[in-house]
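Report on one structure; see the data block that follows.
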Amino acid sequence: MSERKRLTGLLPARLQLESTKADIICKPVDVSAHGLGIVASKEIEVGAVLSLQLKDHPVSLKVAWSQPDFGKQNMHRYGLVALDQSVNLEDLFIAAGCLK
1 MSERKRLTGL LPARLQLEST KADIICKPVD VSAHGLGIVA SKEIEVGAVL
51 SLQLKDHPVS LKVAWSQPDF GKQNMHRYGL VALDQSVNLE DLFIAAGCLK
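Anchor point for the sequence shown: position 64 equals 64 in UniProt numbering, and the numbering is continuous, going up by one each time.
Below, the structure is given as structure tokens:
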């Protein structure tokens with residue numbers, strides 16, 4: 001398992017719910033090769049598929065887990081997993097300048 005890294009607080013592209021194309025307003029908190037942690041006020045079901053709308057190609061991410069974000073009222077923390085394991089999320093965030 002690769003080490004998770006801290007983000008700048010910016011995503012390299014819009015994040016949308018695939019089923020409705022609704023934008024997900026969130027803050028990324030960490031990233032690994034195949035996973036992304038975010039905090040959002042919107043409740044998202046575990047199992048839902050989100051799409052990171054990169055210019056070259058969208059990246060599909062599945063919500064693997066959810067929990068209340070303690071210390072932040074009405075916020076939730078989510079663990080997202082890339083559906084295509086050949087995509088390296090860490091590399092995408094590095095290329096976009098979104099890693100600390």
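For every residue, glycine included, the Cβ atom is placed at its ideal position computed from N, Cα and C.
Own chain residues within Cβ distance below 8 Å of residue i, not counting five before or after
i	result
residue 35	4, 64, 79, 80, 81, 82 and 89
residue 44	17, 24, 50, 63, 66, 76 and 78
residue 47	62 and 63
residue 85	34
residue 19	48 and 49
Nearest to residue i (by Cα), restricted to the options the options
i	options	result
residue 27	19, 15 and 46	15
residue 29	7, 46 and 96	7
residue 120	19, 98, 20 and 53	In the structure as shown, the chain begins at 1 and stops at 100. Residue 120 is therefore absent and cannot be evaluated.
residue 73	41, 37 and 55	41
residue 170	38, 20, 39 and 56	This structure does not reach residue 170, given that the chain is present from 1 up to 100, and the question cannot be answered.
Separation of residue j from residue i, as counted between CA atoms
i	j	result
residue 59	residue 33	13 Å
residue 10	residue 93	9 Å
residue 91	residue 31	10 Å
residue 70	residue 37	15 Å
residue 68	residue 39	9 Å
Residues that residue i bridges to, as DSSP identifies them
i	result
residue 44	Per DSSP, none; premise fails for residue 44.
residue 82	61
Same chain only: Cβ atoms within 6 Å of residue i, ignoring 5 sequence neighbours per side
i	result
residue 98	7, 8, 10 and 12
residue 87	59
Same chain only: Cβ atoms within 7 Å of residue i, ignoring 5 sequence neighbours per side
i	result
residue 22	16
If we count Cβ pairs, one from each stretch, closer than 8 Å, do we get three or more for the segment 53-71 versus the segment 79-86?
As far as the Cβ criterion goes, the segment 53-71 touches the segment 79-86, which means the pair count is three or higher.
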